[in-house]
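Visitor: Each residue of the sequence shown is one higher than the last, beginning at 477 in the numbering used here. Handing you a structure now.
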Amino acid sequence: MSIKELEEEIIEIEKVLKNFKSGSLEWNNIEAIITEKKRKLSRMKTQEDEEEQDVLVGCEGDCGSCGGGR
Numbered sequence: 477m478s479i480k481e482l483e484e485e486i487i488e489i490e491k492v493l494k495n496f497k498s499g500s501l502e503w504n505n506i507e508a509i510i511t512e513k514k515r516k517l518s519r520m521k522t523q524e525d526e527e528e529q530d531v532l533v534g535c536e537g538d539c540g541s542c543g544g545g546r
């Protein structure tokens with residue numbers, strides 16, 4: 477699942493949440509699902525950022541072929 481797909485899924489679940497009374501069992505269960513998905517989204521974004529940093533920084537060797545020359 478991509479970041480965009482997960483974001484869209486969270487939005488759809490949040491729409492469903494509005495149909496339930498705050499504090500009800502259903503509301504609490506849906507809220508827990510949303511929280512879990514937001515954590516997953518955060519991890520995915522962090523991982524994507526780290527991968528981008530790896531590409532931008534390169535290996536930091538002297539040849540410069542990977543963009544990481546000193």
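From the three backbone atoms N, C-alpha and C, an ideal C-beta is built for every residue, glycine too. Predicted model, so just to flag it, every value in this text is computed and none were measured.
With a threshold of 8 Å (Cβ to nearest heavy atom), would L501 be considered close to the ligand SAH?
Guide: In terms of ligand content, the structure shown is empty, and the ligand SAH therefore cannot be addressed.
Visitor: Which value, in whole angstroms, describes the spacing of the CA atoms of S500 and K491?
Guide: Rounded to the nearest angstrom, the two C-alpha atoms are 16 Å apart.
Visitor: With the cut-off set at 9 Å, would you say I510 and I486 are in Cβ contact?
Guide: Cβ atoms of I510 and I486: closer than 9 Å.
Visitor: Give every residue of the same chain whose Cβ lies closer than 6 Å to the Cβ of D525, excluding the five residues on either side of it in the sequence, and list them in chain order.
Guide: Here the set comprises nothing.
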